[in-house]
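Contents: one structure, followed by commentary.
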Ligand SMILES: *Cc1c(COP(=O)(O)O)cnc(C)c1O
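Numbering (the working numbering), first residue to last: 10 to 408.
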């Protein structure tokens, strides 16, 4: 999964370019920066690499989601449909713009179940936000059809699926807007950072201003910029962008290793007939950052997780059903709408509705799922050893 595993001289060189001039900010200082514009270069590389018309870097993936939602006009009174299995940032971003996160079931793709999405649509629904979890994609044809039918926005949270594709198009570039995270453990990293990608010029221009206090970036200098709307500071720094610039140049190398390691591990797990795998709407587009697999029952899955733990080999194998960060079951702070500052009573009540919804369809998928993170540093021998240990544990439990 993570580009940080292969830290190299290339990252040091790009960062050093910035350290030489000392201009750590992405805007202004045109003279002293001596032609070094790492953020602009990275944005151009993102457009080129993923086939997006526009890219706006941000300080994090969470900030990218907030920015995209603001640029798309999502706010007060709007409902955003998003999955019960995701990283907490997805619903945090919805709340940050004052909209209502409407969590719905996932299916065996580990992403939004299109039928559940349909059931959740109300006159207040403004957007559908699929999350392409664990390196692979939602059924975008089905979701796009729903968006078209109901005139809804499609915003892709592609933070975990850098390098994934759906029918030839990069994940994150298919909806009205899409986001990547470049935090430390993502497929490519800036240490911290994110990006909003869009093919719509209006969304790009709004994202650009929103991430920099509403500056229109049309003045002869920053002081002369106008502020057509209120923004915030979600800027990336040149130091962070420099790391990302090195990483994007190496992305194909990372993805090739990831796919190779994934294929080897999958071949070993596939020797157990009772192990099944996550359904992938476009198998060729899997970024392969994780391999997600199922056992027939929750009881068997729990027994395997317990035994992996007992043998000290659980690391890198995620049982999301019990995870504090990624699944509705443990999101008590969301279900109780615990915030530091007061929410409007109306929004608070809507947020707390998530506590009483029936997620049994998701539970039936997630309680049998284990996701194994694919490391870029594994040797062939290590993959074999790891795979065979997992298989031995599974066979023992199933016996
Ligand atoms: C990592 C992640 C984010 C947020 O990214 P940060 O850069 O850590 O803020 C959002 N959504 C998903 C699904 C993620 O995995």
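Cβ atoms here follow ideal geometry from the backbone N, Cα and C, with glycine treated the same way.
Taking just the CA atoms, how far does residue j sit from residue i?
i           : j           : result
residue 349 : residue 177 : 43 angstroms
residue 116 : residue 337 : 14 angstroms
residue 67  : residue 171 : 16 angstroms
residue 200 : residue 14  : 12 angstroms
residue 141 : residue 232 : 40 angstroms
residue 279 : residue 299 : 15 angstroms
residue 149 : residue 237 : 34 angstroms
residue 76  : residue 219 : 7 angstroms
residue 25  : residue 16  : 14 angstroms
residue 354 : residue 99  : 21 angstroms
residue 319 : residue 396 : 16 angstroms
residue 130 : residue 196 : 33 angstroms
residue 265 : residue 45  : 30 angstroms
Alpha carbons only, please: which of the options is nearest the one belonging to residue i?
i           : options            : result
residue 223 : 207, 208, 244, 203 : 244
residue 48  : 335, 247, 299, 390 : 247
residue 114 : 225, 15, 125       : 125
residue 158 : 165, 136, 174, 175 : 136
residue 168 : 155, 203, 15       : 203
residue 212 : 62, 383, 80, 278   : 80
residue 58  : 206, 94, 120, 11   : 206
residue 181 : 139, 192, 193      : 139
residue 239 : 61, 42, 82, 354    : 82
residue 321 : 300, 402, 165      : 402
residue 72  : 18, 216, 179, 122  : 216
residue 210 : 64, 379, 371       : 64
residue 269 : 249, 296, 127      : 296
residue 326 : 277, 366, 383      : 383
residue 271 : 255, 293, 372      : 293
residue 128 : 152, 42, 95        : 152
residue 43  : 51, 52, 29         : 29
residue 342 : 329, 357, 379      : 357
residue 38  : 230, 131, 12, 22   : 230
residue 392 : 329, 40, 312, 276  : 276
residue 146 : 315, 130, 183      : 183
residue 371 : 60, 361, 330       : 330
residue 107 : 86, 123, 94        : 86
residue 291 : 285, 130, 144, 261 : 144
residue 165 : 193, 27, 208       : 208
residue 156 : 175, 173, 132      : 132
residue 123 : 101, 154, 95, 347  : 154
Quick check on residue i: does DSSP put it in helix, strand or coil?
i           : result
residue 198 : coil
residue 302 : strand
residue 351 : coil
residue 297 : coil
residue 65  : strand
residue 78  : helix
residue 261 : helix
residue 151 : helix
residue 328 : coil
residue 156 : helix
residue 44  : coil
residue 206 : strand
residue 174 : strand
residue 366 : coil
residue 270 : helix
residue 186 : strand
residue 229 : coil
residue 137 : strand
residue 242 : strand
residue 406 : helix
residue 111 : strand
residue 3   : Because the chain in this structure spans residues 10 to 408, residue 3 falls outside the shown range and cannot be described.
residue 374 : helix
residue 216 : helix
residue 51  : helix
residue 93  : coil
residue 384 : coil
residue 392 : helix
residue 85  : coil
Short check: CB of residue i to CB of residue j, under 8 angstroms?
i           : j           : result
residue 214 : residue 185 : no
residue 92  : residue 112 : yes
residue 381 : residue 304 : no
residue 309 : residue 385 : no
residue 90  : residue 257 : no
residue 377 : residue 109 : no
residue 344 : residue 363 : yes
residue 78  : residue 103 : yes
residue 8   : residue 119 : There is simply no residue 8 to check, as the chain begins at 10 and stops at 408 in what is shown.
residue 51  : residue 250 : yes
residue 190 : residue 301 : no
residue 198 : residue 11  : yes
residue 179 : residue 60  : yes
residue 405 : residue 316 : yes
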